[in-house]
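First the structure, in the form of structure tokens, and then the observations on it.
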Amino acid sequence: MFLNLVDGFDLLIISFVLPNLPTNSNDPGDPLNFASTAEKGYIVSFALVGMAVGAIGLARLADRYGRRLIALVGITVNCVGLILSAVSPNAEFMMGARFITGVGIGMVSVAIVVAAQESAAPKYRNLATGLVMIGYPVGSVLAALSTNAITSAFGSNWKALFLLGAGLAAAAFVAAFVGLPESVKAAERRFESAAGADLATSEKAPSLLGKNLLAITLLLCVGYMTVSGVFNFAAGLTPDFVKTAITAGFDANLSKEALASATSA
Numbered sequence: 046m047f048l049n050l051v052d053g054f055d056l057l058i059i060s061f062v063l064p065n066l067p068t069n070s071n072d073p074g075d076p077l078n079f080a081s082t083a084e085k086g087y088i089v090s091f092a093l094v095g096m097a098v099g100a101i102g103l104a105r106l107a108d109r110y111g112r113r114l115i116a117l118v119g120i121t122v123n124c125v126g127l128i129l130s131a132v133s134p135n136a137e138f139m140m141g142a143r144f145i146t147g148v149g150i151g152m153v154s155v156a157i158v159v160a161a162q163e164s165a166a167p168k169y170r171n172l173a174t175g176l177v178m179i180g181y182p183v184g185s186v187l188a189a190l191s192t193n194a195i196t197s198a199f200g201s202n203w204k205a206l207f208l209l210g211a212g213l214a215a216a217a218f219v220a221a222f223v224g225l226p227e228s229v230k231a232a233e234r235r236f237e238s239a240a241g242a243d244l245a246t247s248e249k250a251p252s253l254l255g256k257n258l259l260a261i262t263l264l265l266c267v268g269y270m271t272v273s274g275v276f277n278f279a280a281g282l283t284p285d286f287v288k289t290a291i292t293a294g295f296d297a298n299l300s301k302e303a304l305a306s307a308t309s310a
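Position in the sequence shown counted from 1, then plus 45, gives you the working numbering.
Right, here's the structure in full:
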């Protein structure tokens, strides 16, 4: 759960960084602002693209090298991405840094879920998966709480938020290195593969991309990608939208008061 908690924190910390990025004026299109409104959307999206790359393209290597190793590599990649985010000089650099963070999160999230399922007894697999996944929303809540604490103590120090995430990732690496064992099933599969054993069975397991399950697999993938993409994109930009709305409302009230004063005069 702790590893997924860190993933949830690291992915959604950007939600609370965006409103605190340096701005030259309240005009979203001001070129002197750290990031325009469109660029903020790209910053959020690049992390999600990175997650897809990490989960689909790299997490599959866990079948060859083991869940534990992929999780450790993913945590390291995540930590590097957070440090690079903290030292970003511009929006373009931050996009690349968030992509790296997303790759790490994608690798870790898949590896630890599979490890939990393989390590738990059959009747506890759903519980084990639930305990791992609950870490994501808990990490999101911690991101919000830590933002309030840091901004109250240090002002709009957005770099400190990324560094806090990097510190949590480092702690997660130590925790995983010490306490995350390789699942027995994964170890057996790697041993059999290295020994050249014939893994074929008398009753072949159905393929997710076979003709019987292809439609269901595609529907589940599209459905999950849609829900996950919409949620993460909306969550990533909501705090910035709220700040913009409040600022716009405040400016409108000032304009009304100035107009009323001029009229009465």
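All C-beta atoms in this analysis are idealised placements derived from N, C-alpha and C, irrespective of residue type, glycine included. If you're wondering where the values come from, they're calculated on a predicted model, not measured in any experiment.
Next item on the list: Please say whether Ile88 and Ile128 have beta carbons closer to each other than 8 Å?
Entry: No, the Cβ-Cβ distance between Ile128 and Ile88 is not below 8 Å.
Check: Span of the alpha helix (DSSP H) holding Asn123?
Finding: If you look at Asn123, you'll find it in the alpha helix (DSSP H) that goes 112-131.
Notebook entry, point to check: How many whole angstroms separate the CB atoms of Asp52 and Ser191, which I take to be in contact at a CB cut-off of 8 Å?
Noted result: Incorrect: roughly 15 Å between the Cβ atoms, too far for contact.
Next item on the list: Give the straight-line distance between the Cα atoms of Ala136 and Phe144, rounded to the nearest whole angstrom.
Entry: When rounded, the distance between both Cα atoms is 12 Å.
Check: When we look at the beta-carbon of Ser252 and count the other beta-carbons within 10 Å, is it buried (16 or more) or exposed?
Finding: Looking at its Cβ environment, which holds fewer than 16 other Cβ atoms inside 10 Å, Ser252 is exposed.
Next item on the list: Tell me whether Leu259 is buried or exposed, calling it buried when 16 or more other Cβ atoms sit within 10 Å of its Cβ.
Entry: With fewer than 16 other Cβ atoms inside 10 Å of its own Cβ, Leu259 counts as exposed.
Check: Using DSSP with H/G/I as helix, E/B as strand and the rest coil, what is Thr68?
Finding: The answer is coil: DSSP assigns Thr68 none of H, G, I, E or B.
Next item on the list: Name the two residues that bound the continuous alpha helix (DSSP H) containing Phe144.
Entry: Judged by DSSP secondary structure, Phe144 falls within the alpha helix (DSSP H) whose first and last residues are 136-164.
Note to self: Is it the case that the region 113-125 contacts the region 152-170, given that we only count it when at least three CB pairs across the two stretches are under 8 Å?
What the structure shows: The region 152-170 is in contact with the region 113-125.
Notebook entry, point to check: DSSP state of Lys256, grouped into three classes?
Noted result: In the three-state reduction of the DSSP assignment, Lys256 falls in the coil class, being assigned neither a helical nor a strand state.
Check: In chain order, what residues of the same chain lie with their CB nearer than 6 Å to the CB of Leu187, ignoring the 5 residues before and after it?
Finding: Same-chain partners within the cutoff: Phe54.
Notebook entry, point to check: For Ala215, which of Lys256, Phe61, Ile120 has the nearest alpha-carbon?
Noted result: Nearest option by C-alpha distance: Ile120.
Checklist line | Three-state secondary structure (DSSP) of Leu208 | finding: Helix, per DSSP.
Notebook entry, point to check: Could you check where the alpha helix (DSSP H) with Arg170 kicks off and where it finishes?
Noted result: Where Arg170 is concerned, the enclosing alpha helix (DSSP H) stretches over 170-178.
Checklist line | Integer Cβ distance of Ile195 from Leu213, believed to fall under 8 Å | finding: Rounded, the Cβ-Cβ distance is 13 Å, inconsistent with contact.
Margin query: I need the straight-line Cα distance from Phe138 to Phe79, nearest angstrom please.
Written below: Going from the Cα of Phe138 to the Cα of Phe79 covers about 11 Å.
Item checked: Candidates Asn257, Leu106, Ile150, Arg109: closest to Val122 by CA position -> Sorting Asn257, Leu106, Ile150, Arg109 by C-alpha distance to the C-alpha of Val122 places Ile150 at the top.
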